[in-house]
Amino acid sequence: MSKRNVKLAAMGLAVVMAAALAAPAFAKGTPTASGSGVSSDKQKYDSASGWSGSDSTYEGKIHLLYDTSNGGWQDPGEDPNSPDDNGNHDNGTYVVTIPTRISYENMNIGKVSTSDDYTVNVRGAIGDGQTVTLKAETGKTLKNGSKEEIKETTTQGKTTWSSDETYGGLNVDGSLKGTDTTDNIKMEGEVTTSGVYQGSVAYNASLS
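Numbering follows numbering that gives the first Met the number 0, with no gaps: position 177 of the sequence shown is 176.
Here you go:
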């Protein structure tokens, strides 16, 4: 296998999903906040008549509110230490990152036996109690014309991510780390013809 040339692009494909709608994958910029802190509404306590104010529910109480429903979050792009290439996303969405390809070139005719580990990452801001599920195809065939002599097997290290795992902490540049898993693709068979054997493994993501 000295002629083996493996190309595994670790950050090749990103899939951005929301509960129902896809969001832009890598829009540059910084999420903007519109927080205002202390409101201008007042409530008063009169020793003769008690509390009065615009909202009787909170008379005598200061209502505390920190709403992330319409905020945003960032993915790190290629460099988690610099905000220059960060992607900007709406809260309620997530990003799945998988490799673009696994390729072997200048290979000999005969037995095929490969095994490649690669990193899969899921990051984002989803609701408490929600889960991202990621399912990969397996048992696909690589074809060269009419020849179907290579079969792949995909093994996933992880298939579900909780909201804590999609958050995963913060990078130096303020972007979300998310959580990695290690998947593996094996290719096995016996090739008998010259040419290029090709196939693909699809990943499907959903939020529940």
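Virtual Cβ for every residue (Gly too), placed ideally from N, Cα, C. Here the structure is a predicted model, which means the values were calculated and not measured.
Every beta strand (DSSP E) of 3 residues or more that sits fully in the stretch 102-189 is shown, in chain order, as 109-123, 130-135, 140-143, 146-154 and 159-161. In this structure, G123 places its C-beta atom within 8 Å of the C-beta atom of T92. Taking S46 as reference, the option from T165, S39, P79 and G59 with the minimal CA-CA separation is G59. Counting along the chain, the unbroken beta strand (DSSP E) around V94 starts and ends at Y93 to I97.
Note on geometry: alpha-carbon atoms of T154 and D83 lie some 35 Å from one another. Contact annotation: M186 and L141 have beta-carbon atoms nearer than 8 Å.
By the beta-carbon neighbour count (other beta carbons within 10 angstroms, threshold 16), D182 is buried. Within the same chain, G138, T140, E187 and G188 come within 7 Å of K150 by CB-CB distance, once the 5 residues on both sides are set aside. A check of alpha carbon separations from K134 across V95, G194, I61 and L169 identifies V95 as the nearest.
In the assembly as shown, V171 is an exposed residue. Its beta-carbon has fewer than 16 other beta-carbons within 10 Å.
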